[in-house]
């Protein structure tokens, strides 16, 4: 059986030469610790990282709000003036309403039951946050929202899996991707996508971060993230160390295929893996030693 090189070698990974994949999943010491901000209280690293993209005085919707940790913290700090927490589960809505009453929240924080953006009126909020859902679920929310999506100003999305399908959706539907980040939380790396709905339909703005990296193919940049590929922060590099290692293991398993379809699948996996590895381990490619 053919052996595939470990993804933890090469210029991309020179900062962490001796880590195993399991160790690489805890790169910056965040673990399950909460980040403390004097005005916000305690938030997870994943939620705390979103704050800088939420302008003071905004109205915010938190889709899949669960305990409404982010809206509660933002309102307490005075950063936003109003929030709507949305959740599809009736018991979550019921329990959260009771918690908010006890904490003294009023009309400034409303909880609504519903799917995706359906409980929101057009233009009702400025910023829409969707964190904790898979990329395909988020994409379905966008599809269901239709033209209403363009009535808000900013999207902050933190999928629980790879964000490539969302970047592709933004590109195809003329939603400019204006920033990206990777945050490690609880031993997992999360991609944060920041999209400008205020520029909905501006195809020049949509293409700009990708055109700047020509001739890199679009499907590669959808997976890697154009802004992240340019900046190459340490957290992103570590995330792709883990992902390439997983892809290498999957490729090795498909190499045992005996059927014609299985061998075709292996060739597709190998072509995709080789493309990622060439992009991430080129001699002129290097990662930052820190995320600062």
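Residue numbers (this note's numbering): 112 to 403. Don't be surprised by glycine CBs; every beta carbon is placed ideally from N, CA and C.
Beta-carbon proximity of residue i to residue j, cut-off 9 Å
{"i": "residue 243", "j": "residue 177", "result": "yes"}
{"i": "residue 404", "j": "residue 275", "result": "Residue 404 lies beyond the residue range present for the chain, which begins at 112 and ends at 403; the question has no answer from this structure."}
{"i": "residue 355", "j": "residue 318", "result": "no"}
{"i": "residue 220", "j": "residue 260", "result": "no"}
{"i": "residue 347", "j": "residue 298", "result": "no"}
{"i": "residue 249", "j": "residue 277", "result": "yes"}
{"i": "residue 386", "j": "residue 326", "result": "no"}
{"i": "residue 185", "j": "residue 165", "result": "yes"}
Rounded C-alpha distance that separates residue i from residue j
{"i": "residue 202", "j": "residue 397", "result": "48 Å"}
{"i": "residue 137", "j": "residue 251", "result": "Below a pLDDT of 50, predicted positions are generally treated as unreliable, and residue 137, at 28, falls in that range; the measurement from the model is reported next regardless. Approximately 31 Å between the Cα atoms of the pair."}
{"i": "residue 383", "j": "residue 162", "result": "35 Å"}
{"i": "residue 357", "j": "residue 336", "result": "19 Å"}
{"i": "residue 378", "j": "residue 223", "result": "48 Å"}
{"i": "residue 181", "j": "residue 211", "result": "13 Å"}
{"i": "residue 365", "j": "residue 330", "result": "22 Å"}
{"i": "residue 392", "j": "residue 374", "result": "26 Å"}
{"i": "residue 290", "j": "residue 320", "result": "10 Å"}
{"i": "residue 363", "j": "residue 381", "result": "9 Å"}
{"i": "residue 351", "j": "residue 302", "result": "11 Å"}
{"i": "residue 315", "j": "residue 239", "result": "23 Å"}
{"i": "residue 215", "j": "residue 208", "result": "11 Å"}
{"i": "residue 133", "j": "residue 349", "result": "At residue 133, the pLDDT of 29 sits below 50, so the modelled position is not reliable; the number obtained from the coordinates is stated separately. So the two alpha carbons sit approximately 11 Å from each other."}
{"i": "residue 273", "j": "residue 334", "result": "7 Å"}
{"i": "residue 368", "j": "residue 311", "result": "45 Å"}
{"i": "residue 123", "j": "residue 156", "result": "Note on residue 123: pLDDT 44, under 50, position unreliable in the model; the coordinate value appears next. Their Cα atoms are separated by approximately 24 Å."}
{"i": "residue 284", "j": "residue 213", "result": "42 Å"}
{"i": "residue 206", "j": "residue 217", "result": "15 Å"}
{"i": "residue 204", "j": "residue 241", "result": "17 Å"}
Candidates the options: closest to residue i by CA position
{"i": "residue 423", "options": "155, 324, 357 and 330", "result": "No answer is possible for residue 423: it lies beyond the span of the chain, which begins at 112 and ends at 403."}
{"i": "residue 183", "options": "154, 205 and 168", "result": "154"}
{"i": "residue 270", "options": "204, 158 and 365", "result": "158"}
{"i": "residue 167", "options": "186, 185 and 190", "result": "190"}
{"i": "residue 160", "options": "200, 295 and 363", "result": "295"}
{"i": "residue 230", "options": "206, 214, 218 and 256", "result": "256"}
{"i": "residue 438", "options": "258, 353 and 293", "result": "Residue 438 falls outside the range modelled here, since the chain spans only 112 to 403, and no answer is possible."}
{"i": "residue 280", "options": "367, 253, 293 and 292", "result": "253"}
{"i": "residue 293", "options": "390, 284, 345 and 313", "result": "345"}
{"i": "residue 237", "options": "218, 205, 192 and 179", "result": "192"}
Residue burial classification, residue i (beta-carbon count within 10 angstroms, cutoff 16)
{"i": "residue 360", "result": "exposed"}
{"i": "residue 112", "result": "Its pLDDT being 38, under 50, residue 112 is placed unreliably in this model, and the value from its coordinates should be taken loosely. Looking at its Cβ environment, which holds fewer than 16 other Cβ atoms inside 10 Å, residue 112 is exposed."}
{"i": "residue 341", "result": "exposed"}
{"i": "residue 322", "result": "exposed"}
{"i": "residue 332", "result": "buried"}
{"i": "residue 390", "result": "buried"}
{"i": "residue 179", "result": "buried"}
Handout entry: the region 169-177 touching the region 185-199, judged by at least three CB pairs closer than 8 Å
Key = A contact exists between the region 169-177 and the region 185-199.
Practice task
Would you check if the region 256-265 and the region 298-316 touch, i.e. whether three or more CB-CB distances between them fall below 8 Å?
Solution key: Short answer: they touch.
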